[in-house]
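Q: Here it is, the structure, as structure tokens.
Residue numbers (our numbering): 688 to 916.
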């Protein structure tokens, strides 16, 4: 047990490591239309990364529970159509490897459902570097509720002040902050740097490749973990 990492980097997947946010936007937009509802795509984009129940409450505040359930079912079907086309974002796999080789636990802190997570893990092809993985099965509510972050910390066996969260959405930043975890953001989910910083991100990078470059140069919150063990 003494060889277990005492520091961890928690990674969101969608929009952070895998280029899937716009596929999700399309799936939610089509799902709403299929259920007889209409939602502007930009509003969906603002809610991506949020717990699906909260997302539906936000986007369809006047819809019945039955309608929201129908939209969710359509979304599952439409997003499945996109799954074969999903690709890794620049630097994603190399970043996971570099973090593991630096001696930190690597945790996929996601609330993706198991059937989607299987495909995402196949894309990442990073099992040898992973310490732990979370999924929708682990919590009743996803981000911005901090439950998934706490589960990730518990599975890694590290303190909040010895961890860094990497995400692309304001919900990642908010959920990490609620349990005292520093959040580093990337803009590959389509949210701008000013907004991510305004939500509390300690630093913002264009993508995983830029974050990897910072790590290799010894800059930033992940590099600073070496002093928190």
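For each residue, glycine too, the CB sits at the ideal point set by N, CA and C.
(1) Helix, strand or coil for residue 852, going by three-state DSSP, please let me know.
(2) How would you write the range of the alpha helix (DSSP H) that residue 890 sits in, first residue to last?
(3) Tell me whether residue 902 sits in a helix, a strand or coil according to DSSP, three-state version.
(4) For residue 776 versus residue 704, is the C-beta distance shorter than 9 angstroms?
(5) So, do the stretch 881–890 and the stretch 698–712 have three or more beta carbon pairs nearer to each other than 8 angstroms?
(6) With which residues is residue 792 paired in a DSSP beta bridge?
(7) Compare the C-beta of residue 730 against all C-beta atoms of chain D and say whether one is closer than 9 angstroms.
(8) How about residue 728: is its Cβ closer than 8 angstroms to a heavy atom in the ligand SAH?
(9) Quick check: the Cα distance between residue 836 and residue 846, rounded to an integer number of angstroms?
A: Judging by the given coordinates:
(1) The answer is strand: DSSP assigns residue 852 an E or B state.
(2) Looking at the DSSP string, residue 890 is not in any alpha helix (DSSP H); the run it does join, the beta strand (DSSP E), is 890–892.
(3) helix
(4) Yes. Within cutoff.
(5) These segments do not touch.
(6) 695
(7) In the displayed structure, chain D is absent; only one protein chain is listed.
(8) Absence of the ligand SAH is noted for the structure shown, with no ligands found whatsoever.
(9) Their backbone Cα atoms lie some 11 angstroms apart in a straight line.
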